[in-house]
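Colleague: Going down the list, the protein sequences come from chains A and B. The opening position of the first sequence corresponds to residue 1 in the UniProt record's numbering, with each subsequent residue numbered one higher. The opening position of the second sequence corresponds to residue 1 in the UniProt record's numbering, with each subsequent residue numbered one higher. Beta carbons are placed, not taken as given, at the ideal position from N, Cα and C, and that holds for glycine.
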Amino acid sequence: MAFMTVAHYLQILERSWKNQDGNKTAQFLSLRHDHAKFPNYQVEQAEGIVDKFLTSPLDELVCLHFKCLFYIGKQDFLEAYQAQSTLVQCFAKIMQSQKEENWSLPIMYIIASDLRLVAQLAEKQRVGSTENPGEILEKAAECLMGCFRVCAADNRSADEDTKRIGMLGLVNQLFKVYFRINKLHLCKPLIRAIESSQFKEIFPLGQQVTYRYFVGRKSMYDSNYKAADEYLTYAFENCHKTSRKNKKLILTYLVPVKMLLGYIPSRQVLEKYGIVDEFWDLVKAVCQGNLKLFDELMDKHESFFITSGIYLIIDKLKIIAYRNLFRKVYLILNTHQIPVESLQRALESLGQDADLDETECLVANLIYQGKIKGYISHQHRKVVVSKQNPFPPLTSLS
Amino acid sequence: MLNLSNYIVGTCPHMCPIKETKMRENQRLLHIFEVVPGTERDELPKADLNRVVKSFSRSAAGKNLTDPEILRPVSILLETVNYLLDDIINNESDWLLKYNFIMDRLRSVRQDMVIQNISRAHQIVILQPIIRFHAYAAYRSCEEHINEFDPHINNIHLQECLKRLLCMYDYYDHLEITTKSNSGFSSDFLEENRPYFETLYLIFNIGDVDAINRTLSIPKHWRTDLLVTGLKMSLSYVAGNYFKVCKLLQTMPLTIQMIMYLHMPKLRRLCLKTMDVAYNSKNLSYPKIILTKLLLYNSEDELESDCKHYGLKFNEEGICFLKDFQQDAKKVKSRRSSEIDKILLDLDLSTLLLFGDI
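#1: Which one or two residues does DSSP pair with B:A47 in a beta bridge?
#2: I'd like to know if B:Y279 contacts chain A, where contact means its C-beta is closer than 8 Å to some C-beta of that chain.
#3: The alpha helix (DSSP H) with A:C151 in it runs from where to where?
#4: Does DSSP put A:I107 in a helix, a strand or coil?
#5: Flag this pair as touching only if the stretch 140-155 of chain A and the stretch 107-127 of chain A have three or more C-beta atom pairs under 8 Å; answer yes or no.
#6: Taking only three categories from DSSP, how would you classify B:P13?
#7: Which residues bound the beta strand (DSSP E) around A:Q337?
#8: Considering Cα atoms alone, identify which of B:D208, B:C161, B:I206, B:Q128 is closest to B:F189.
#9: Give the residues of chain A in contact with B:N82, contact being defined as C-beta atoms less than 7 Å apart.
#10: Can you name the residues of chain A whose CB is closer than 7 Å to the CB of B:T274?
#11: Mind checking if A:K218 is an interface residue toward chain D, Cβ cutoff 8 Å exclusive?
#12: Return the chain-ordered list of same chain residues with a C-beta closer than 8 Å to the C-beta of residue 371 of chain B, the five sequence neighbours on each side being excluded.
#13: Is the shortest distance between the beta-carbon of B:C320 and the beta-carbons of chain A less than 8 Å?
#14: Is the number of C-beta pairs between the stretch 280-293 of chain B and the stretch 372-381 of chain A that are closer than 8 Å three or more?
#15: Classify B:Y171 as helix, strand or coil using the three-state DSSP reduction.
#16: Rounded to whole angstroms, how far is the Cβ of B:T224 from the Cβ of B:M252, which I believe are closer than 8 Å?
#17: Where B:Y7 and B:Q116 are concerned, what is the direct C-alpha to C-alpha distance, given to the nearest angstrom?
#18: How long is the line joining the alpha carbons of A:M298 and B:S299, rounded to whole angstroms?
#19: When you compare only the Cα positions, how much space is there between A:D159 and A:S30?
#20: Taking 8 Å as the CB-CB limit, is B:D210 close to chain A?
#21: To the nearest angstrom, how far is it from the Cα of A:H65 to the Cα of B:I256?
#22: Which residues does DSSP list as the beta-bridge partners of B:I319?
#23: Contact criterion: CB-CB distance below 8 Å. Does A:P133 meet it with respect to chain B?
#24: Taking a Cβ distance cut-off of 8 Å, strictly less, list which residues of the stretch 217-240 of chain B are near chain A, in chain order.
#25: Comparing the C-beta of B:Y195 with each C-beta of chain A, is any distance below 8 Å?
#26: Who are the neighbours of A:N182 on chain B, taking C-beta pairs under 7 Å?
#27: Who are the neighbours of B:F56 on chain A, taking C-beta pairs under 9 Å?
#28: Over what stretch of residues does the beta strand (DSSP E) that includes A:K241 continue unbroken?
#29: Quick one: does B:G184 have its CB under 8 Å from some CB of chain A?
#30: So what does DSSP say about A:G374, is it helix, strand or coil?
#31: Taking 8 Å as the threshold (beta carbon to beta carbon), is residue 365 of chain B in contact with chain A?
#32: Buried or exposed: B:A61, going by 16 or more other Cβ atoms within 10 Å of its Cβ?
#33: DSSP three-state call for A:K200: helix, strand or coil?
#34: Is A:K382 helix, strand or coil when you go by DSSP?
#35: Within a Cβ cutoff of 6 Å, which residues of the same chain sit near B:V52, ignoring the five residues on either side of it in sequence?
#36: With DSSP run on the structure shown, which of helix, strand or coil describes A:L350?
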């Protein structure tokens with residue numbers, strides 16, 4: 001955007017507000033729009049000029065917007081956060097008074113995500129407070145909940161004018177906050193609200209993708225892998241193909257979930273999204289039951305797994321590697337009574353520290369989970385496997 | 001909102017503010033540990049000024065908790081902690097009587113600490129013994145009846161203190177990054193126990209995703225052998241490798257073993273449940289003596305009693321797993337370990353609580 005005088009800017013805003021052009025108004029109230037970087041918009045007290053062009057309630061929003069820009073210019077993100085937070089609260093009230101209309105929802109989306117971004121900056125800047133990391137983000141979430149309540153309570157308007165259609169956009173913002181501050185349990189009521197909503201299927205697709213991505217990750221976190229698979233698969237398949245970064249992100253979670261359920265990703269897919277380094281060797285290690293390689297890869301990619309939040313689920317893939325290793329031993333020995341000692345030796349040769357009892361314990365878990373059919377005889381130190389299909393395909397297990 | 005000068009600095013020179021001492025004396029609210037010996041049976045027992053300790057009181061409407069006169073400065077708080085965990089704990093009285101007194105008074109120490117927002121270094125020094133106390137109490141009292149000792153409440157305190165301590169540690173990490181130096185800026189003695197308390201937190205929350213993730217994400221130089229073993233334990237627990245958990249546990253410091261004993265009923269339940277399926281056979285049995293050892297039972301009788309509780313059958317030779325594990329049976333109560341108790345007998349409790357067991 002070329003430089004624009006404040007007066008001109010205010011006129012445009014005034015017109016788009018009057019025309020109920022939510023998208024345009026939203027852009028001009030965004031902290032990420034081009035105008036934000038010009039110093040003439042960074043004003044602490046803008047009432048003087050603003051009141052010449054705008055009337056209530058828009059004037060208040062714009063003043064707060066300028067104030068927020070002012071503090072961002074000064075790199076004081078805590079104050080900027082306060083201003084933006086007041087702006088959002090103020091907007092929630094305006095929205096509540098707008099009966100039977102929902103054109104202003106785009107504005108809500110923009111100021112809500114701006115609030116979250118400023119809160120993140122403030123959180124980073126905040127040095128020296130003793131406790132409650134994430135406190136500012138948590139306050140931001142409360143503020144967003146204010147908007148959410150206004151939207152959720154709008155049940156008198158007709159379907160085409162209802163603000164309830166705005167719920168999902170907000171829920172996604174809230175998810176982003178809760179995931180960042182690690183308060184996943186707070187997602188539950190939001191999920192319930194969306195799942196029971198009559199608009200469940202007609203929310204904008206982009207929002208649905210984001211929503212499914214987060215719910216999928218939450219299910220993964222709760223060890224509910226079937227559900228995680230469903231949500232993440234939807235997100236992956238419906239995510240726009242030009243959003244490669246997002247697709248890659250979804251895949252980071254979908255790949256381990258799928259693997260845990262017994263599906264092996266193709267090398268092409270991993271290559272296409274640039275995660276072949278992180279995952280392909282791992283796929284090999286799991287399939288071959290090569291626990292030594294597995295451990296090395298855990299070490300090598302540790303920080304990637306940790307920052308992506310998939311360390312634990314990757315660690316769980318180990319049991320599949322055990323299964324594949326034990327299956328190999330079974331095929332080599334060609335007997336239905338596998339000595340525990342043979343399994344233990346196989347583990348040992350791959351650098352695993354496990355005595356006979358621990359080996360039995362690993363087998364016990366595999367039998368318990370249905371990944372091996374058979375039973376253990378402790379007295380004979382043998383694993384007696386079923387004559388039929390002793391290692392059923394993982395995908396056949398529910 | 002972050003202005004440090006907003007915090008009050010206490011001026012109370014005693015373990016208990018005079019006002020409170022008077023008030024409790026008049027209303028006969030003094031604890032037996034707080035009265036002048038010999039006056040216990042008097043109509044109005046007299047307060048022993050050297051032994052009265054400020055009791056915990058909830059914030060409530062109309063109550064001013066921020067009066068400097070009723071807040072104790074750091075030096076007095078430290079003195080109070082030492083008094084409670086050295087003098088009182090070695091007192092000849094009944095353990096639960098002591099526990100309830102100490103718990104309440106330590107809670108008030110923490111309250112004073114928070115209201116004044118005292119320096120992080122001091123918070124670390126104060127929190128560490130309090131954590132050891134709650135950890136010890138959790139173990140020591142785990143066989144008590146619920147009316148006598150509420151493990152849940154004790155655990156809440158323990159968790160709260162641990163989380164607070166970890167926040168303090170995080171702050172030092174933050175300092176190190178922002179000042180770009182690790183030249184002993186954060187005094188070593190404050191952090192030397194860090195791997196130990198990180199491990200305690202990890203094991204107290206064994207199998208918990210957040211706790212594991214936290215351990216994984218703190219700066220790597222904290223990952224000492226101790227913490228690595230703790231991590232292995234927690235991951236093995238998640239993976240169902242219960243025998244490994246028990247094996248590793250035996251290499252742990254005493255307090256961490258004590259904390260793990262609180263989880264043993266859960267661990268044993270899961271293990272028996274898995275074995276019930278995996279060792280299912282009409283002709284076979286699993287030797288009791290071996291399982292007793294692997295799952296760290298004190299005796300075969302204890303194992304038998306658990307088996308009975310979960311509906312498992314056993315004979316002279318061993319346990320017969322026949323897929324009759326009672327899924328709805330609640331886990332049994334925690335038991336103490338005779339091994340640990342034996343060690344505790346020869347140990348000076350105050351030293352353990354005040355200085356730790358490493």
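Modeller: Based on what the coordinates show:
#1: As a working note, residue 47 of chain B is residue 47 in the second sequence. DSSP output for B:A47 lists B:V35 as bridge partner(s).
#2: As a first step, residue 279 of chain B is located in the second sequence; it is residue number 279 there, counting from the start. So, interface residue.
#3: For the purposes of this step, residue 151 of chain A is taken as residue 151 along the first sequence, with counting starting at 1. A:C151: member of the alpha helix (DSSP H) spanning 135-152, first to last residue.
#4: Position 107 of the first sequence, counted from the start, is the residue given in the question as residue 107 of chain A. In the structure shown, A:I107 sits in a helix (DSSP, three-state: H, G or I).
#5: Yes: the two stretches touch, three or more of their Cβ pairs being nearer than 8 Å.
#6: Reading the second sequence from its first residue, position 13 is the one you call residue 13 of chain B. Three-state result, B:P13: coil.
#7: Position 337 of the first sequence, counting from 1, holds the residue named residue 337 of chain A. First-last of the beta strand (DSSP E) with A:Q337: 337-339.
#8: For the purposes of this step, residue 189 of chain B is taken as residue 189 along the second sequence, with counting starting at 1. Nearest of B:D208, B:C161, B:I206, B:Q128 to B:F189, Cα basis: B:Q128.
#9: Position 82 of the second sequence, counted from the first residue, corresponds to residue 82 of chain B. Within chain A, no residue comes near B:N82; the closest Cβ sits about 23 Å away, beyond 7 Å.
#10: Here residue 274 of chain B refers to the residue found at position 274 when the second sequence is read from its first residue. Under the 7 Å cutoff, chain A gives A364, N365, Y368.
#11: Considering every chain present, this structure includes no chain D. Its protein chains are A and B.
#12: Given a span of 1 to 358 for chain B in the structure shown, any question on residue 371 of chain B remains unanswerable.
#13: Against the second sequence, residue 320 of chain B aligns to sequence position 320. No, B:C320 does not count as interfacial toward chain A.
#14: Counting Cβ pairs under 8 Å, three or more are found: they touch.
#15: In the second sequence, counting from the first residue as 1, residue 171 of chain B sits at position 171. The answer is helix: DSSP assigns B:Y171 an H, G or I state.
#16: Position 224 of the second sequence, counting from 1, holds the residue named residue 224 of chain B. Position 252 of the second sequence, counting from 1, holds the residue named residue 252 of chain B. Actually they do not touch by this definition, with Cβ atoms about 13 Å apart.
#17: Here the question's residue 7 of chain B lines up with position 7 in the second sequence. Here the question's residue 116 of chain B lines up with position 116 in the second sequence. Looking at the two C-alpha atoms, the distance is approximately 6 Å.
#18: Position 298 of the first sequence holds residue 298 of chain A. Position 299 of the second sequence holds residue 299 of chain B. Their Cα atoms are separated by approximately 39 Å.
#19: By one-based count along the first sequence, residue 159 of chain A stands at place 159. By one-based count along the first sequence, residue 30 of chain A stands at place 30. Cα to Cα, A:D159 sits roughly 28 Å from A:S30.
#20: Counting from one through the second sequence, the residue named residue 210 of chain B turns up at place 210. True, the Cβ-Cβ gap to chain A drops below 8 Å.
#21: What you label residue 65 of chain A is simply residue 65 of the first sequence in a count that begins at 1. What you label residue 256 of chain B is simply residue 256 of the second sequence in a count that begins at 1. Looking at the two C-alpha atoms, the distance is approximately 53 Å.
#22: Counting from one through the second sequence, the residue named residue 319 of chain B turns up at place 319. For B:I319, which the question treats as bridged, DSSP gives the partners B:Y286, B:F314.
#23: The sequence position of residue 133 of chain A within the first sequence is 133, counting from 1. Interface residue, yes.
#24: S217, L235, V238, A239, G240
#25: For the purposes of this step, residue 195 of chain B is taken as residue 195 along the second sequence, with counting starting at 1. The sequence shown places Pro at residue 195 of chain B, not Tyr. No, because no Cβ of chain A sits closer than 8 Å to the Cβ of B:P195.
#26: Reading the first sequence from its first residue, position 182 is the one you call residue 182 of chain A. Chain B residues near A:N182: D210.
#27: Position 56 of the second sequence holds residue 56 of chain B. The premise fails here: B:F56 is roughly 19 Å from chain A at the closest Cβ pair, so nothing lies under 9 Å.
#28: On the first sequence, residue 241 of chain A is found 241 positions in, with the first residue counted as 1. Neither: A:K241 is in no beta strand (DSSP E) and is coded neither H nor E.
#29: In the second sequence, residue 184 of chain B corresponds to position 184, counting from 1. Note on B:G184: pLDDT 49, under 50, position unreliable in the model; the coordinate value appears next. Not one chain A Cβ lies under 8 Å of B:G184.
#30: Here residue 374 of chain A corresponds to residue number 374 of the first sequence, with the count starting at 1. Looking at A:G374 - three-state DSSP - the assignment turns out to be strand.
#31: The question about residue 365 of chain B has no answer here: the residues shown for chain B are numbered 1 through 358.
#32: Locating residue 61 of chain B in the second sequence gives position 61, where the first residue counts as 1. That one is exposed.
#33: As a first step, residue 200 of chain A is located in the first sequence; it is residue number 200 there, counting from the start. Three-state DSSP puts A:K200 in coil, outside helix and strand.
#34: Counting from one through the first sequence, the residue named residue 382 of chain A turns up at place 382. Three-state result, A:K382: strand.
#35: Locating residue 52 of chain B in the second sequence gives position 52, where the first residue counts as 1. Excluding positions up to five away in sequence, the list reads C16, T21, E34.
#36: Here residue 350 of chain A refers to the residue found at position 350 of the first sequence. Coil, per DSSP.
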